[in-house]
Structure formats: structure tokens, C-alpha cells
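Trainee:
There are 4 protein chains.
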Amino acid sequence: MKCAIEVLAESGYSGASLAEIARRAGISKSVVLYYFSGKDDLLSSVVFDVYGRAGQAIAEALSHETSPGEKIAAYVRTNLHFLEEHAAEIRAVVEIVSNARGADGTHSFVPQGEDPVLAHLEELLREGQGSGDFREFDAHYLAIIIRSAIDTASGRLVVDPSFYLGAYTRELLSVVELATGTHRTEDSS
Amino acid sequence: MKCAIEVLAESGYSGASLAEIARRAGISKSVVLYYFSGKDDLLSSVVFDVYGRAGQAIAEALSHETSPGEKIAAYVRTNLHFLEEHAAEIRAVVEIVSNARGADGTHSFVPQGEDPVLAHLEELLREGQGSGDFREFDAHYLAIIIRSAIDTASGRLVVDPSFYLGAYTRELLSVVELATGTHRTEDSS
Amino acid sequence: MKCAIEVLAESGYSGASLAEIARRAGISKSVVLYYFSGKDDLLSSVVFDVYGRAGQAIAEALSHETSPGEKIAAYVRTNLHFLEEHAAEIRAVVEIVSNARGADGTHSFVPQGEDPVLAHLEELLREGQGSGDFREFDAHYLAIIIRSAIDTASGRLVVDPSFYLGAYTRELLSVVELATGTHRTEDSS
Amino acid sequence: MKCAIEVLAESGYSGASLAEIARRAGISKSVVLYYFSGKDDLLSSVVFDVYGRAGQAIAEALSHETSPGEKIAAYVRTNLHFLEEHAAEIRAVVEIVSNARGADGTHSFVPQGEDPVLAHLEELLREGQGSGDFREFDAHYLAIIIRSAIDTASGRLVVDPSFYLGAYTRELLSVVELATGTHRTEDSS
DNA sequence: GATGAATGAGGCTTCATTCAT
DNA sequence: AATGAATGAAGCCTCATTCAT
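Protein chains in written order, with UniProt numbering: chain A, 1 to 189; chain B, 1 to 189; chain C, 1 to 189; chain D, 1 to 189.
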């Protein structure tokens, strides 16, 4: 799986053939299929493994925060921090999620209706609105905007050598603060 | 090219084989290769064609605006409006840009250093800062955030039937306004 | 298809890989798949082609006969005569029919319920019974016996160099005559 | 071996991989190769085991009969009776015998020249002719006809749910009686 | 006695491309 | 201008077998 992640991150979805993955791992293609029932299984495993660890890290971080503003900030910070330390893994997952398709041609990993990841962020936003910490906005669409800013980062890391994740995190935090209106609330307190 | 765009939008990069494209166009594979020197040429043509028309639409829209705040707003509005009317084309370009790779394994259409599209938006932001209309922020990173919000929309249109581009545009405009600080400037005037 | 038949007849079902068939035809595997949509299609085509021609030959021969006894005799004679002139083709069809299986594991070409080939022979037998030419017997089971004697011949031709089809035909005709009781009818005339 | 027989009978020769056989037996592939030197050895063992027991049953049954007509009848009856009680085993053997081939491409289990099974039946027929019980016929070819009628039964059991072995046995016995002419002899006595 | 790990050969199929017409 | 024929590389996967434990 580690080698699969590397190849996916470096060579993209189409470049991640079993042959290439096996070559990188110094084993034969057959070994990969000995441990995974097929390529789909391998890719699924990568996705769920990374998703699982990322989700855990985020949940852990959020558990330390109480105010909605701090929760959102922790959410963004943890996401980008996880990305910093697991850049290739996130890159690999993005490649898989955006390219893997089933026999019917539909995306295999993109939820068609309700997206749990998005729904989670959306709820954090709504909580802030409920408590009066946040201004009025459409939580669904703002969640999409914030997620897109998070998801784009892994790509930037690859193509933009000058992309500094620390500064990006700071800028995004400030945008989120302004967008949610957290700032004003603190002012009025 | 029209059929290539349709197939790319519906079936993704891997599903867009010459055979499939030709089948949809009701012609033979050979015809495609008669008009384009190869698959790469076909994809390039699609990218440049769409990019060209999108760029033209944006340039035209910006020429009507004068203040930095209005320019940025027009930029966002025109981008999303173009997407609304050319959803498949944008989707196709995204598929190509994020997947096409040269023989060396590097992305074919993602500029490695300076990204002209990003640089353009970045400059609009800097102009607003220069004129005092915008607050202090890192123009490069904010540009990335805004672009990501724009680019994610084409994907949402595909998987999320409830995604309403009009509301999304409104929300994004409001975020951009807050993020650039355009609002406050107007307040103080 | 001719080469596929040859390989099937000589090397059996498992030996009849696309590679081997293509090698024998002096072409590349791809060419086979250019003319047939897949291996299944190739095998189907062989089966239906041979079946069609055999069925036509039999129908033609039966049309010249009137009495039930002569019809059955013509049926047997034509079947074995067709086999004599198209030994490899029959051998190939037998290999396919008895080995080809669908994804669910069931035979692809063996009719699960009503077997039209068997039903045809069965009806010939029943006609003879209806007209009083034949004795009492179970038409279904006798049809199975006669067909098995016909079908076994192609295998014999392969493994038994001393197998002489002319003599076999004569013996089988005599058995069929005795089994149907055609003989007695002639006695009573 | 029991599981190998089941798989062969249900899934056919191509479906009978070591993996599948081991899976059904609830053991690992390695165990199979620990007890048998290879797949060929496993299949050989199945063939000889079943052949041995079938031959024994037949020999035992024949030893109770004296007249040629009764011997032939017992031969047919015992063959089909054994099939009834060991359908899967016979089916498995048929699959192996008709498909297994050596490296040179020739059948592994089909005797190229003299077939002992056929020769045995042939001799029974000749004995009947020698004693004057049977009419004149070509013993070799009649033996082939009778064997084919016996061998086809295992296949019928699989594809034809309405195939009733008892009735088939009765019909075949009657055909054999007529074909050998046993009946007339008894009449004239 | 039993097994998990690993492998290389081979199977079917898809694909972008070349060539002659 | 258009196309059918042909190809070789590559992709995923199955299989019988070997080896060390």
C-alpha cells in the first residue's frame, strides 16, 4: 500500500498500474494480487485507510475545542496539518477518488447524494450559527468553499515548489474567520 | 471535439478512448486521427479552445468594470456563469488538465512554475490592495482559495443534483467580499 | 474461424487460446478481436456456423424421404456423412459445447430444458410410431441413444485410426432399424 | 479427492482449479500438493479410483451371470446403476478424460489404440456370437454404440431434470436385446 | 503434517497508432 | 476526405508450482 500511494502521488491514476506498483515495491504483480483481491480492493484499502486516519486525527483535534469558531479553525488547521505530514497519501486518495469509476461509469468513491465529509463541516458551521457566534450564510455552500480550499492544497504542494503550507493555513484561517463572521462576535464581546 | 468533450465529461479521462469518442461521433477512429495528429493533439485542442473562449468571456466582462471590488466580483461571476453555460466543456478540461501526463510522468497542462490563470487573479487582488480598496492579505494564497472555489463547482454540478449555481455564486461573492475587505472600505467611505 | 476450428479439433478447448489460434492463422491476437468482439463471440460464431450448415444438410436430406423408416435412416446417414466431410468442425463444436461455460458456471451452449436437436429426432421417431411403422418404445430415450451414437463418432475418428465411418454407419443403421422395429413392418408387408 | 470430484462435476474441467478445490475442502492449496505430486497426479488418482471401483462392481455383477444375453444386460444395468449412485464421480471422470492433455497436446487418458473398456464389452458381444446366442453384427462397432449410450447418461443427468435413469436403463436394455438378437434366440429355444 | 508467501507463464482484452486504399 | 485492417504494448487477472517455515 505504501508503494501504491507513492506511485499514485507521483504518476497519477493512469500511471499507477499494478506492474508499476509492484516494480516499485520490488515484488511481482502476483504478490499484490495475493494480498488484495484485485486492483479495486487495493485502491479501496488505500482510500479507507487514509480516510480513517485523517478522520481520527480531525475528531481528536475537534474534541479539544468548545467554541464554534475554534472548532472550525481546528478543523481547517488539522486538515492541512495532516496533509503536510501525509502529502503523498492525500494526493493518492484524491487521484483515486476523482478517477476511479465502476463498470457503470459512475464514480466509485464520490457519494452521489449526501457527502458525509461535507455534511460534517456543514454541521460545524450550523452549530456556530445556532449559538449566534456566526453570521448568516448558507452553510452548505460555505462548507463547499472551505472544503475546496482544503482539497486544492495537496495539488498545489506537487506543482508549486514555493507553496508554503504554513502561510496558506494562516490565510485560509483568516478567510474562514471573516466568512463566518467569528471576528465580529469576538468584537462585540 | 464536441463529442470528445461529452465523453470526457460523462465517462472521465480513462473512459475517453478514441474508440468511444469516435463511436459517439458516428465516425471511425481513423477520422479523428486524420484531423488531429494524435490523441494528445485532440485533448490539447479541447483545452485551448475552451480556455480561449473562457478567457475571452472573462476579459470582456472585466473591461466593463473599474473598481477592484467590482472587477473581482465580475471575475467570479463570469467564471461561474461560463461554467453554467458550458458545464461539460469545463468538466472535460478539468479531466484533461488533472490527468494528462507526458511521457516523463509530469502533468502536461499544469504549469509547473508560474500559473498564468492564477497570476491573473492574483494581480486583480494586488490592484485592489494597491488602491487601498482591499485589506492586507497574501494575494497569492487568497487567489488560490478563490480559484479552488471556482474550480470545484464543475464537479459539484455532476454529483450533487441539489447544487444550485446561482446560490453558490452569491455565497462565494459574499465570501470574497469579506475576505478582501471590500465591504469595510465601502463602509468607511 | 477455420484456424480456430483446427486448433480446437487438435488441441482441445483448453489448448485453443487466442494466441494459439492467431499464431496458426499467422496473424496477431488483436486481429481476431478486431473481427470478433471477444473469444465468446468467436466460439459462438463457430458453433452457429457449423450447426447451421449441418442442420441445412440434414433438412435437405430428410426432404427427399417420405416413410418414417427412411427418414430416420437418412437422418443417421446424413449426420455421419456430414461428420465425415467436416470432422474437424464437428470435433470443434463438440469441444466448445461441452466445455464453454458462462460466468455463472453453467454450460453456455447446452440447452437446459428442451434440446431442439434432440426434440427433432424425437419427433421423427414419434411420427413413425403414429403411422404404425415403428414399434412401441420411449421416443425420448431412444432419441438420446441414437444421438449419443452419432455424437461419439467424431471422438472415435480422432483416437481410433481403425475406425471406419462407413462400417459404423452401416452398423448403426441396422441397430436403429431393429430398435425402431422397422424390420417387422417390412415383414408384415 | 472427494472435493475435486464435486468441483469437476459442477464446474467442469476449466473450473476445477486447485484453488477452487482447496477452497471447497476448506484447506489450503499447499495441502493438495502435499498429498499429490501435482494436479495431474490428483486427476489421475480420481480417474483410477473411480474406474477401479466401477470395474470391480461390473466384474462382480458379471460373475453372477452365465448366458451371454444376461451378461450384456448385467453389464448395461450395472454401469447405469453405478452411475446412479456415483453420478458426480462419473461426471468428474468424463470431464477429466475428455479434457486432460499432456504437454504434447494429446489426450492423457484416452487410449490411443486399444481401449480396454471397449475391448471388454466387445468380447462379451463376441462370446454371444460364438455361442450362437447373438445374431451377426460387427462387435467392435456395436460395442461403441452401446458404450456411447452408457457414457452419455451422466451428461443427461446434469442438464435434463426429467431424465429418469430407470426408464433409460429399460429402454437401452431393450435396444441392446434387439440389436444383439438375443430375443429371437430365446424365442427359437 | 501443513501452510503462507511468492512467482512466472499465460489468458483475455483495450488502446493508440500506422498503413494501404 | 475517409476508412478498414492490422498491430504491439500494456493492463488486470488466474493458475500451477516452488520454497521456507
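In this text, a Cβ means the ideal position worked out from N, Cα and C, and glycines have one as well.
1. Could you check the C-alpha separation between C:Gly-181 and C:Gly-69 for me, to the nearest Å?
2. Taking one C-beta from the segment 59-75 of chain A and one from the segment 117-133 of chain A each time, how about it: are there three or more such pairs within less than 8 Å?
3. With 8 Å as the C-beta to C-beta threshold (strictly closer), list the residues of the UniProt domain "HTH tetR-type" (1-54) of chain C near chain D in chain order.
4. For A:His-86, name the three-state secondary structure that DSSP assigns.
5. Please work out which residues of its chain come closer than 7 Å, Cβ to Cβ, to A:Glu-6, disregarding the five sequence neighbours upstream and downstream, and give them in chain order.
6. Per the contact definition of three or more C-beta pairs closer than 8 Å, is the segment 32-52 of chain C in contact with the segment 126-136 of chain D?
7. Measure the Cβ-Cβ separation of A:Ile-90 and A:Leu-80 and say whether it is below 8 Å.
8. How would you call A:Asp-104, buried or exposed, if buried means at least 16 neighbouring beta carbons within 10 angstroms?
9. Are the beta-carbon atoms of D:Leu-33 and D:Ala-4 separated by less than 8 Å?
10. How close, in whole Å, do the beta carbons of B:Val-94 and B:Asp-151 come, if the pair is a contact with beta carbons under 8 Å?
11. So what does DSSP say about B:Arg-77, is it helix, strand or coil?
12. What number of angstroms, rounded off, separates the C-alpha of B:Arg-156 from the C-alpha of B:Tyr-164?
13. If you draw a straight line from the alpha carbon of A:Asp-187 to that of A:Glu-177, how long is it in whole angstroms?
14. Assuming the contact rule is C-beta atoms closer than 8 Å, D:Val-175 and C:Leu-125 should be a hit. Round their C-beta distance to whole Å, please.
15. Output the distance between the C-alpha atoms of A:Ala-54 and B:Val-47, rounded to the nearest integer angstrom.
16. Whole alpha helix (DSSP H) runs in the segment 107-163 of chain A with 4 or more residues, listed along the chain?
17. Going by the CB atoms, is the gap between B:Ala-92 and B:Leu-18 shorter than 8 Å?
18. Would you report the Cα separation of A:Pro-161 and A:Gly-52, rounded to the nearest angstrom?
19. Nearest CA to the CA of C:Leu-170: which residue from D:Tyr-168, D:Phe-137, D:Tyr-13, D:Ser-45?
20. With C-beta atoms as the reference, is D:Gln-56 less than 8 Å away from C:Val-159?
21. Using a Cβ-Cβ cutoff of less than 7 Å, which residues in the same chain neighbour D:Val-97 once the five nearest sequence positions on both sides are dropped?
22. Less than 8 Å between the beta carbons of C:Ser-148 and D:Ala-149, yes or no?
23. To which residues does DSSP link D:Arg-170 through a beta bridge?
24. Ignoring anything shorter than 4 residues or poking outside the segment 28-66 of chain C, list the alpha helix (DSSP H) runs there in chain order.
25. Which of the residues in the segment 71-100 of chain C, read from start to end, lie with their CB under 8 Å from any CB of chain D?
26. What are the boundary residues of the alpha helix (DSSP H) that C:Gly-15 is part of?
27. Would you list, in chain order, the members of the segment 131-143 of chain C that have their beta-carbon closer than 7 Å to a beta-carbon of chain D?
28. Do you know offhand how far A:His-107's Cα is from B:Ser-11's?
29. If you drop the 5 nearest sequence neighbours on each side, which residues of the same chain put their C-beta closer than 7 Å to that of C:Ile-58?
30. Within its chain, find whatever has a CB closer than 7 Å to the CB of C:Glu-65; leave out the 5 residues flanking it on each side and keep chain order.
31. List, in chain order, every chain D residue whose beta-carbon is nearer than 9 Å to that of C:His-107.
32. Taking 8 Å as the CB-CB cut-off, is C:Ser-174 touching chain D?
33. Quick check on D:Ile-58 - is its C-beta less than 8 Å from some C-beta in chain C?
34. With 8 Å set as the bound, which would you pick, yes or no: does the beta-carbon of B:Ala-119 sit closer than that to a beta-carbon of chain A?
35. Considering only the alpha carbon of each residue, which of B:Lys-2, B:Leu-62, B:His-140 lies closest to B:Ala-22?
36. Hey, does A:Thr-171 have any beta-carbon neighbour from chain B nearer than 8 Å?
Mentor: Once the coordinates are examined:
1. 9 Å
2. Counting C-beta pairs closer than 8 Å gives three or more between the segment 59-75 of chain A and the segment 117-133 of chain A, which meets the contact rule.
3. Glu-10, Ser-11, Gly-12, Tyr-13, Ser-14, Gly-15
4. coil
5. Arg-24, Ala-88
6. no
7. no
8. exposed
9. D:Ala-4 is positioned such that its CB atom lies no closer than 8 Å to that of D:Leu-33.
10. 7 Å
11. helix
12. 9 Å
13. Low local confidence applies: a pLDDT of 44 at A:Asp-187 is under 50, so the model's placement there is unreliable, and no value is given.
14. Rounded, the Cβ-Cβ distance is 12 Å, inconsistent with contact.
15. 34 Å
16. The qualifying runs are 116-130, 139-159.
17. no
18. Answer to the nearest angstrom: the Cα atoms are 28 Å apart.
19. The question names Leu, yet the displayed sequence has Arg at residue 170 of chain C. Cα-wise, what sits closest to C:Arg-170 is D:Phe-137.
20. no
21. So the list reads Val-47, Phe-109, Val-110, once near-sequence residues are dropped.
22. In contact: C:Ser-148 and D:Ala-149 (Cβ atoms closer than 8 Å).
23. None, per the DSSP bridge assignment.
24. 29-35, 39-63
25. Ser-98, Asn-99
26. The continuous alpha helix (DSSP H) containing C:Gly-15 extends over residues 2-15.
27. Phe-137, Asp-138, Tyr-141, Leu-142
28. 9 Å
29. Tyr-75, Thr-78, Asn-79
30. Lys-71, Ala-74.
31. Annotation: Cβ neighbours of C:His-107 in chain D (cutoff 9 Å, chain order): Gly-12, Val-158, Val-159.
32. yes
33. no
34. no
35. B:Lys-2
36. Inspection of the sequence shows that residue 171 of chain A is occupied by Glu rather than by Thr. Yes, its Cβ sits closer than 8 Å to a Cβ of chain B.
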